[in-house]
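Notes to accompany the following structure.
There are 4 protein chains.
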Amino acid sequence: MSIARSENAALHVVCDAVADSARRTAETYGGRALTDPLEAIRADGVEAVVIASPTPTHVELLSAAIEAGVGALCEKPIDLDIARVDALRERARSAPAPVMLGFNRRFDPHFAELHRRVAAGEIGRLEHLAVTSRDPEPAPDAYIATSGGIFRDMTIHDLDMARWFVPEVTSVSAVGFRQFSAGIAGLGDYDAAVLTLTGAGGESVVITNSRHSAYGYDQRLEAFGPDGLLQVGNVTETAVRAWGAAAVEATGPYQRFFLERYSAAYALELEAFVRAVRGEDVAYPGFEDGRAALLLADAAGVSAREGRAVNVDLTA
Amino acid sequence: MSIARSENAALHVVCDAVADSARRTAETYGGRALTDPLEAIRADGVEAVVIASPTPTHVELLSAAIEAGVGALCEKPIDLDIARVDALRERARSAPAPVMLGFNRRFDPHFAELHRRVAAGEIGRLEHLAVTSRDPEPAPDAYIATSGGIFRDMTIHDLDMARWFVPEVTSVSAVGFRQFSAGIAGLGDYDAAVLTLTGAGGESVVITNSRHSAYGYDQRLEAFGPDGLLQVGNVTETAVRAWGAAAVEATGPYQRFFLERYSAAYALELEAFVRAVRGEDVAYPGFEDGRAALLLADAAGVSAREGRAVNVDLTA
Amino acid sequence: MSIARSENAALHVVCDAVADSARRTAETYGGRALTDPLEAIRADGVEAVVIASPTPTHVELLSAAIEAGVGALCEKPIDLDIARVDALRERARSAPAPVMLGFNRRFDPHFAELHRRVAAGEIGRLEHLAVTSRDPEPAPDAYIATSGGIFRDMTIHDLDMARWFVPEVTSVSAVGFRQFSAGIAGLGDYDAAVLTLTGAGGESVVITNSRHSAYGYDQRLEAFGPDGLLQVGNVTETAVRAWGAAAVEATGPYQRFFLERYSAAYALELEAFVRAVRGEDVAYPGFEDGRAALLLADAAGVSAREGRAVNVDLTA
Amino acid sequence: MSIARSENAALHVVCDAVADSARRTAETYGGRALTDPLEAIRADGVEAVVIASPTPTHVELLSAAIEAGVGALCEKPIDLDIARVDALRERARSAPAPVMLGFNRRFDPHFAELHRRVAAGEIGRLEHLAVTSRDPEPAPDAYIATSGGIFRDMTIHDLDMARWFVPEVTSVSAVGFRQFSAGIAGLGDYDAAVLTLTGAGGESVVITNSRHSAYGYDQRLEAFGPDGLLQVGNVTETAVRAWGAAAVEATGPYQRFFLERYSAAYALELEAFVRAVRGEDVAYPGFEDGRAALLLADAAGVSAREGRAVNVDLTA
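Just so you know, the protein sequences line up as chains A, B, C and D, in that order. Residue numbering for the first sequence follows the working numbering, starting at 44 and increasing by one per position. Residue numbering for the second sequence follows the working numbering, starting at 44 and increasing by one per position. Residue numbering for the third sequence follows the working numbering, starting at 44 and increasing by one per position. Residue numbering for the fourth sequence follows the working numbering, starting at 44 and increasing by one per position.
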């Protein structure tokens, strides 16, 4: 739908393993309906593809896109296995068309404005970044079971957010918690986590995660430096506040989840992708960013399991 | 542009007294370029027209649209002369297609949510409404000179806002002020005003206006009843807040003016108009609302000049 | 109690028409118990008196205090009858000791800080002042019946607040409302009111009153000028905010009433009084301020009844 | 001064190693001036002592107070050496009079209200606590040099705050940072730190520290549970907010430091101490809390140095 609405792109091919679903989407938004993604990538007139298929297929499709010389916007993570990611790394580096990773939060207008003001020096050199990220409720256990665990499934977005501000992270110290979900605990996974990252410039980053939140999707950011603090709080649908006998100045509730909270970000992300494919000079998270986030997620897993800080070298 | 972007409407005719301007717009957004509005209204295939021409032309064009049986979305005010408005009143009442007035603020998502919650009884029966409305800076004196004065040019939006909550206003008490602009004072006009309206149910409404505001477009709404208070404050572009040595928790600045602040409202207004023209059951401000706002603006002028409360009867 | 706690004053005499009450207070806080206020005023060692007796006794006691050469802090209003106030005016002007009126809000730290910043020029020349003042619930009808009406009983505090910022008010335009209380309506009084004042410098002041408020004591102040806006919102007991499924960022409820909201103001008011009596150079609301507030309240009554703006001359 | 002002306590003895200072204080606030603390503790009529002397003297004076059977309110930390603390532990346990540790923040009205609401179950079982604590600027290097390091000098307050909510901490994972102060780095100390604590019930606690803050003393608390979130933000001197061309809704700056921010807490702490000494049933942080905070601070030091989580057993 976002592609169909874009003024600078046209929807050529809709590809879905379920033929009916592909056809229905194509009927609504235009384009040709296909069920074979490789055929879609190589189809005539295709300049770029959006890869939103299950994680295990990402490497193959990315690989095909690179080979076909078409741009690719790929959902995170690239793969759950860093070895498979590394195997693709060299080719991704020399890809003729943009390879962009779906870290949509970099395109959120609120976070982007905070990032711009930090970069403009408003708080001086960044010393501390706090990322709070809580989902309204956990995904079903069946999803969690194949998700790769909280660090690779959920925290990976926050790790990319950290790297947007502190690209060179050198150490990860993570603690995992089992606070409320017997199902998640049964899978050996955590339902909450706290991570402390260290940057090459001595920066500290704290990431606070939980798989549930009674008050909705909790997505906050705080940047601290010698000259001050910048903060993005949660975003409400409207600016209405209420005063009553029980509570005053109340607002909300917040938007439930990412499709609502990041709708503007998704549109801006796609726009940036289209512009990148057209050869314009736009900033976007690339393959290396996808790899780095996965590497940090893996380091967090080791850190949480072994109770020790894990050093990483993202420059290698 | 809004029409061109609408999924439910198509731009048929672009009409502008300046031929070049009409042509350029038509080239960009589609449609036929015309310079004669009457021709445009009567053109084949035209189901509805948006009248955004200078105020003195509104009555004639509205009249033509009603006669042609096409829907009309007309910018406020209908006319500066209530007699000319009244002359059109009967025909407007029996118009075959919707006549909608451009009171865009009723479509603002923030105000609409507050209105919905008041209507839902959250604060009990409405007792008091406070409308604060300040422009960032005054229009040029040349514009002010032909604007009909602050009450008919600026306050008229707030008067419609008042009537959205309190349809039957029975009395207007207005005080005009000359606080900062020698130019406006020279024109015999006010650069600030305070109005107190009384509703048929004993409701009080306060409107506070100023033609300037250092911190941007100031558009606030507050509704009070026995069970509480609902408020819409000013809206910021992003949710970033800043802490520094001089000030903490600072945000903004606010959007400068109405095109930014009410961009969503304009889109929703047009959407409502299109749906109304298609025969759907949607609420919108009509001819009677345009007339009532003008009548209240005139009453405010009398009240301010003569230093007395002016009774009005909007039910006649 | 405030006197007993003051480091610079000693409680000499406790006077209450009810002998038991006077004795009990004196036993707790010290001082001699009396039942005759004139005796108390003239008692040996008394340098100053606090007059918190019923309104009809104020003029006589103030008069006695002036004659005895002792300082007096008198609760508002001086009297409900402006003629009796005027009769005392000359003697008050030449009183040898301070005559202070109990307009405690001038000593509220929040309002005082806003006043200081307006005086320091932060928003430029004051153009508009908005005073919102709502009681949690109306006083009993029996009290209302002898109170002198909403303008002299309740609005008088807000009128003094207006004059603190705009000493020379030239016109009063008031509208009274009967919104919720059959009892108050039955007494011919209003349970809500809106006043617009005009200052000699073209300033506008809006006062919004209601005799009830579901969310507690509503005491807000807003000052507007060419360079910005300063605001004091309601004050909460603690800084706790709550996020839940139903509402987010909620705080409160607010303090119920004036003893809680203005506890600091009462202490600072007494301190200023003691320092004034000791001959120090402190600012405080005096007899003329008490008279001006009453005069404006009377003008508001006329304005509301007759539906017209009433001019006043506070400089005469 | 706090003691002198208390209604329930009398200042008996003022003890200061500097005789002049002791005498001056005694002259102002009353009491006998002494220079030998042991003499003060054993003086006739002394029921309780406040120990605010340098840290190395605490154990001896506490020991003397326990022996003399007088209550003691001792500043944190008890000592920098956990062995010396443990040596006193048995006697402290069987002390005939209250031994209270100066963790003043437990008495802050804002934090206490948040604590009360968590205990009342408003957010369900506590899952996560976030303590943000930044000083406006670092103490002089000379002070830092003998302070015992950031964990024992500064974080110790936050560790006690953590234990107020999560008494049984089982693991400490700390990362120290050197972000801005060459002086502190030269002393081998950290100028910023992040700690993650794990509670016996699976709770997570994050403490974020910095030795500087451009916007004043930064003291925030956030408690998260399955049913919501409670937050205490920073406290401003007054409720004034400002709107201008550069920024809107700005307040502050915040109070610079602890004497201002915690003035109410200090008064309430002393009041609780006095009531405890009088035998009333009041909650207060005792010797075991002082020991636990030191033990956690020591664990944090080991964790930061060795890059590993350190398990602790506070129940032993």
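Even glycine gets a Cβ: it sits at the ideal position worked out from N, Cα and C. Nothing here was measured: the structure is a model prediction, and the numbers come from that model.
For a contact defined as C-beta to C-beta under 9 angstroms, what are the partners of residue i on chain B?
i: serine 224 of chain C; result: None at all; the shortest Cβ gap to chain B is about 10 angstroms.
i: aspartate 270 of chain A; result: Gly287, Ala288
At 7 angstroms on the CB atoms, spell out the chain C contacts of residue i, in chain order.
i: histidine 153 of chain D; result: Thr281, Ala282, Val283
Under 8 angstroms by Cβ, that's how I've got residue i and residue j pegged, so tell me the actual separation to the nearest angstrom.
i: arginine 206 of chain B; j: alanine 335 of chain B; result: 6 angstroms
i: isoleucine 125 of chain C; j: leucine 339 of chain C; result: Contact flag wrong, Cβ pair sits at about 11 angstroms.
i: leucine 81 of chain C; j: arginine 195 of chain C; result: Contact flag wrong, Cβ pair sits at about 26 angstroms.
i: phenylalanine 150 of chain A; j: leucine 172 of chain A; result: Incorrect: roughly 18 angstroms between the Cβ atoms, too far for contact.
i: proline 120 of chain A; j: isoleucine 227 of chain A; result: Rounded, the Cβ-Cβ distance is 19 angstroms, inconsistent with contact.
i: arginine 85 of chain A; j: isoleucine 109 of chain A; result: About 12 angstroms separates the two Cβ atoms, so there is no contact after all.
i: alanine 352 of chain A; j: arginine 351 of chain D; result: 7 angstroms
Residues of chain A with a CB under 9 angstroms from the CB of residue i: which are they?
i: arginine 160 of chain B; result: Val283, Ala285
i: valine 275 of chain B; result: Thr281, Ala282, Val283, Arg284
Which first and last residues belong to the alpha helix (DSSP H) in which residue i is found?
i: glycine 226 of chain C; result: 225-229
i: aspartate 261 of chain B; result: Looking at the DSSP string, aspartate 261 of chain B is not in any alpha helix (DSSP H); the run it does join, the beta strand (DSSP E), is 261-268.
i: arginine 351 of chain D; result: Taken as a continuous stretch (DSSP letters only), arginine 351 of chain D belongs to no alpha helix (DSSP H), as it is neither H nor E.
What does the alpha-carbon distance come out to for the pair residue i and residue j?
i: glycine 329 of chain A; j: cysteine 117 of chain A; result: 9 angstroms
i: alanine 52 of chain B; j: valine 317 of chain B; result: 7 angstroms
i: valine 37 of chain A; j: glutamate 265 of chain A; result: Given a span of 44 to 359 for chain A in the structure shown, any question on residue 37 of chain A remains unanswerable.
i: leucine 131 of chain D; j: valine 102 of chain D; result: 7 angstroms
i: aspartate 270 of chain A; j: aspartate 332 of chain C; result: 46 angstroms
i: histidine 153 of chain B; j: threonine 281 of chain A; result: 5 angstroms
i: leucine 105 of chain C; j: histidine 255 of chain D; result: 56 angstroms
i: aspartate 14 of chain C; j: arginine 148 of chain D; result: Absent from the model: residue 14 of chain C. The displayed extent of chain C is 44 to 359, so no value can be given.
i: leucine 169 of chain D; j: leucine 302 of chain A; result: 29 angstroms
i: alanine 290 of chain B; j: threonine 100 of chain B; result: 50 angstroms
i: proline 141 of chain A; j: leucine 313 of chain A; result: 13 angstroms
i: alanine 342 of chain C; j: isoleucine 94 of chain C; result: 26 angstroms
i: glutamate 211 of chain D; j: threonine 358 of chain D; result: 7 angstroms
i: phenylalanine 390 of chain B; j: serine 247 of chain C; result: Residue 390 of chain B falls outside the range modelled here, since chain B spans only 44 to 359, and no answer is possible.
i: proline 181 of chain A; j: glycine 231 of chain A; result: 15 angstroms
i: cysteine 58 of chain B; j: serine 64 of chain B; result: 9 angstroms
i: glycine 192 of chain A; j: alanine 162 of chain B; result: 47 angstroms
i: alanine 115 of chain C; j: proline 97 of chain C; result: 15 angstroms
Starting from residue i, find everything on chain B with Cβ-Cβ shorter than 8 angstroms and list it in chain order.
i: arginine 351 of chain C; result: Gly350, Arg351, Ala352
i: arginine 221 of chain C; result: Gly245
Taking Cβ-Cβ distances shorter than 8 angstroms, what residues in chain D pair up with residue i?
i: serine 253 of chain A; result: Glu170, His171, Phe267
i: valine 291 of chain B; result: Tyr258, Gly259, Asn277, Thr279, Ala293, Thr294, Gly295, Pro296, Tyr297
Residues of chain A with CB closer than 7 angstroms to the CB of residue i, please, in chain order.
i: tyrosine 258 of chain D; result: Gly271, Leu272
i: serine 216 of chain D; result: Ser216, Val218
Residue i touches chain A at which residues, Cβ-Cβ below 8 angstroms?
i: glutamate 156 of chain B; result: Glu280, Thr281, Val283
At what residues does the beta strand (DSSP E) containing residue i begin and finish?
i: leucine 166 of chain D; result: Contrary to the premise, residue 166 of chain D reads as isoleucine rather than leucine in this sequence. Isoleucine 166 of chain D -> no beta strand (DSSP E), and no H or E assigned at all.
i: methionine 143 of chain C; result: 142-144
i: alanine 91 of chain B; result: 91-94
i: valine 237 of chain D; result: 235-242
Worksheet item: Any residues in the region 235-249 of chain C with a beta carbon nearer than 7 angstroms to a beta carbon of chain B? Which ones, in chain order?
Response: Contact annotation: in the region 235-249 of chain C, residues whose CB is within less than 7 angstroms of a CB in chain B are Ala235, Val237, Thr239, Thr241, Gly245, Ser247, Val249.
Worksheet entry | Contact list for the region 299-327 of chain C against chain B, Cβ threshold 9 angstroms | Considering only beta carbons, no part of the region 299-327 of chain C lies closer than 9 angstroms to chain B.
Fill in: Contact list for the region 54-68 of chain B against chain D, Cβ threshold 8 angstroms
Residues passing the 8 angstroms Cβ filter: none.
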